[in-house]
Each structure stands twice: as C-alpha cells, then as structure tokens.
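Let me begin by presenting the structure, written as structure tokens, before commenting on it.
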Amino acid sequence: EAFFRPNLDNHGSFYTDWTTEDEIYWKENYRIWMKALKDFAGKGGVVGTGEDAGFIYRIYGFGYLRELELQQEAGFHPLQVIKHATLNGAAILGRESELGRVRAGWLADLVVVNSNPLQNFKALYPHNGGIEWTIKDGIPYSVSALKAEITRMVSSARNGK
C-alpha cells in the first residue's frame, strides 16, 4: 500500500528532469517502433498484445488499453488490433485451436462494454464507462459489484479485520 502513496521515489521521479529534446527523441523512437511493427506485420509477422506490469503513471492493466490505442496509432485498423489481442495472442501461445475466438466449446473470457471500442478504444477506460461485465470461465461478474467487494476488502484490511 505504501508504494501507491504519492512519492517521488515511486512515481515518475526519473522523468521529472526531461527536456524538450528528450521528449522529441522519445516521440521519434515511438514513430520508429510503430513503423517497425507495421513492417513486421506486413511481412507476415504475428503481432500480439501484452504489457509489462504496472509502469510509471499507470495502474496494472491500463497499459494494456494504451497498447491497443498505440497499435491503432501505428496504422492498424481497430479490427486488426482486436485480432492481435485475441486470435493472435492464442496463436502466439500455441493454443489457437481453443482460444482467441467466441465459439461453442472454446475457452472464452469476455468483457462487455456499453459502447463500441472499435470506434474508440477509450471506451474501455473506467472514466469513459469502461467495462460493465467480465465473463470468466462462463461466469458473468458485474464490474460495479466487483469494485464494491474490493472496496470492502481494502477497508477491512486497513481496519485490521
């Protein structure tokens, strides 16, 4: 819990002295990486998605959503990005015969949102409505109920119960 309290030792302290030149260099690197990713896919490479665990200014899991946006920025159509996150991910794991598609008899974990993420991946972020339901192993879970349960668990832990 102490890690998540605002503190320059934990949050962003190694970027506080960036200059404009540093930022320009970083943006140029992104442009190069995005072109390389498109070229890789264009030559038949299998592009997937995935993130490192929490990173500067990001809570665990939200870097994944940003990756979807960055793949679109790199020039992939939103449907291609969804394929990277589903079918291609299964192929990379060698499990494309059981994962990555919604089909009878296949393993499927799903999320349900109240808008179309193909029109705007930001629809997946909590401040834009986010995910309303998640389905894991065929069991639907209400995100609002999960949030309430997590709030209760954290409160109990803080109070030593």
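According to this note's numbering, the stretch in the sequence shown is residues 582 to 742, in order.
From the three backbone atoms N, C-alpha and C, an ideal C-beta is built for every residue, glycine too.
Residues that residue 715 bridges to, as DSSP identifies them: As a working mapping, residue 715 is identified with position 134 in the sequence shown. Paired residues: 692, 722.
As an exercise, report each continuous beta strand (DSSP E) stretch of at least 3 residues that is fully enclosed by the stretch 605–670, in chain order. Fully enclosed beta strand (DSSP E) runs of 3 or longer: not present.
What's the C-alpha gap between residue 613 and residue 623? Your numbering for residue 613 matches position 32 in the sequence shown. Your numbering for residue 623 matches position 42 in the sequence shown. Taking the straight line joining both Cα atoms gives about 15 Å.
Contact belief for residue 672 with residue 619 at Cβ below 8 Å, rounded distance in angstroms: Locating residue 672 in the sequence shown gives position 91, counting from the first residue. Locating residue 619 in the sequence shown gives position 38, counting from the first residue. The pair is not a contact, with the Cβ atoms about 19 Å apart (cut-off 8 Å).
Assign residue 610 to buried or exposed, taking buried as 16 or more other Cβ atoms, counted over all protein chains shown, within 10 Å of its Cβ. Translated into the one-based positions of the sequence shown, residue 610 becomes position 29. So residue 610 ends up on the exposed side.
Three-way DSSP call (helix, strand, coil) for residue 703 in this model: The residue you call residue 703 lines up with position 122 of the sequence shown. Residue state, collapsed to three classes: helix.
If you draw a straight line from the alpha carbon of residue 600 to that of residue 677, how long is it in whole angstroms? Along the sequence shown, read from residue 1 onward, the residue named residue 600 stands at position 19. Along the sequence shown, read from residue 1 onward, the residue named residue 677 stands at position 96. Those two C-alpha atoms are separated by around 45 Å.
Coil, strand or helix - residue 682 by DSSP: Within the sequence shown, numbered from 1, the residue matching residue 682 stands at position 101. Residue 682 falls in the coil class under three-state DSSP.
Verify whether the separation of the beta carbon atoms of residue 650 and residue 702 is less than 7 Å. Within the sequence shown, residue 650 is the residue found at index 69, counting from 1. Within the sequence shown, residue 702 is the residue found at index 121, counting from 1. For residue 650 and residue 702, yes; Cβs fall inside 7 Å.
Between the stretch 716–728 and the stretch 681–696, do three or more beta carbon pairs fall short of 8 Å? yes
From the DSSP output, in three-state form, read off residue 598 for me. Walking along the sequence shown from the start, residue 598 turns up at place 17. Coil, per DSSP.
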